[in-house]
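In the working numbering, the protein residues as written are 171 to 433.
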């Protein structure tokens with residue numbers, strides 16, 4: 171069954187694999203699954219997350235980084251996100267600003283500290299690697315459900331859990347994926363896995379989210395998200411180190427002008 175939905179937050183992209191604790195429901199039509207999974211993004215006005223990013227190549231070489239991610243939620247399901255590299259020194263100051271829109275494509279700007287330049291990410295570049303990682307600019311974006319179509323496939327085992335399997339198809343030309351297959355557990359409706367298919371409809375990348383933690387505001391957050399590239403066998407892990415909700419962020423902190431003030 172095909173469903174058009176208004177807003178979907180995956181997160182494959184670091185910050186968006188969140189959930190409230192909701193009762194399980196037996197359903198086979200996909201509509202209730204998506205609606206309940208949408209609740210994953212609710213429950214906070216803003217968020218600050220200090221995370222590590224570990225790049226592991228096919229030979230086992232490791233590169234470590236740290237980032238500070240700030241998110242503020244707005245009306246109509248829109249949001250703004252600022253991601254700033256803090257470690258190591260060669261990466262410090264690189265920043266990505268994302269303005270997520272409900273009815274149009276997201277706007278993204280990259281700040282280059284060495285030249286103090288602000289570079290707009292073109293729509294045909296959203297499939298490019300984000301700072302050499304296995305995450306793309308598209309993965310980092312909010313992924314509003316208005317921009318996708320969802321098909322319920324089946325219910326099957328995923329590790330020790332039972333998962334609903336949903337195929338997500340982009341309805342915009344710039345996507346680097348033909349579809350993403352989502353595995354959402356039937357008990358808490360948390361995204362456990364995502365499989366990303368390229369323009370040749372071949373499995374390209376797999377994302378795993380593990381060690382979900384329920385926070386005091388009822389929101390769940392995975393401690394670790396791993397994205398693996400099946401062509402290169404490289405991996406990137408993003409691990410939450412310190413997470414705070416509702417700290418009083420201002421929308422002024424998410425302007426292009428604010429990028430030049432990053433130290």
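C-beta: ideal position from N, C-alpha, C; glycine also.
Remember, it's a predicted structure, so these values are computed and weren't measured experimentally.
**Prompt:** Which same chain residues, not among the five before or five after residue 192, have their C-beta less than 8 Å away from its C-beta?
**Reply:** Any reading at residue 192 must be qualified, since the residue scores a pLDDT of 35, below 50, and its modelled position is unreliable; the value itself is stated next. The beta carbon of residue 192 sits closer than 8 Å to those of 206, 209, 358 and 359, all from its chain and outside the five residues before and after it, given in chain order.
**Message:** Let's see if you can read the secondary structure: which residues bound the alpha helix (DSSP H) around residue 427?
**Reply:** Its alpha helix (DSSP H) spans residues 426-429.
**Asked** Relative to the alpha-carbon of residue 268, which residue among 234, 308 and 327 has its alpha-carbon at the smallest distance?
**Response** It is 308.
**Request:** Using beta-carbon positions only, say whether residue 300 and residue 288 come within less than 8 Å of one another.
**Result:** Not closer than 8 Å, so no.
**Request:** Can you check DSSP and say which residues form a bridge with residue 216?
**Result:** The secondary-structure analysis by DSSP pairs residue 216 across a beta bridge with 242.
**Request:** Measuring alpha carbon to alpha carbon, tell me which of 226, 251 and 426 ends up nearest residue 216.
**Result:** Checking every option, the nearest Cα to that of residue 216 belongs to 251.
**Prompt:** Would you say the region 256-271 touches the region 324-339, given that touching needs at least three Cβ pairs under 8 Å?
**Reply:** They do not touch, by the three-pair rule.
**Prompt:** Which residues in the same chain have their Cβ closer than 8 Å to the Cβ of residue 432, if we skip the five residues on either side of it in sequence?
**Reply:** Closer than 8 Å at the Cβ level, and outside the excluded window around residue 432, lie 254, 263, 265, 281 and 283.
**Request:** Can you tell me the Cβ-Cβ gap for residue 203 and residue 334, rounded? I've got them flagged as a contact below 8 Å.
**Result:** Cβ-Cβ separation between residue 203 and residue 334: approximately 5 Å, consistent with a contact (criterion under 8 Å).
**Prompt:** Measuring CB to CB, does residue 257 end up less than 8 Å from residue 235?
**Reply:** Result yes, Cβ atoms of residue 257 and residue 235 sit closer than 8 Å.
**Item:** C-alpha distance - residue 238 paired with residue 369, whole-angstrom precision
**Value:** About 32 Å.
**Message:** How far does the beta strand (DSSP E) with residue 358 in it extend, from its first residue to its last?
**Reply:** Following the DSSP letters along the chain, one finds residue 358 in no beta strand (DSSP E), marked with neither H nor E.
**Prompt:** So is residue 366 buried or exposed if we call it buried at 16+ other beta carbons inside 10 Å?
**Reply:** By the neighbour-count rule (16 or more Cβ atoms within 10 Å), residue 366 is buried.
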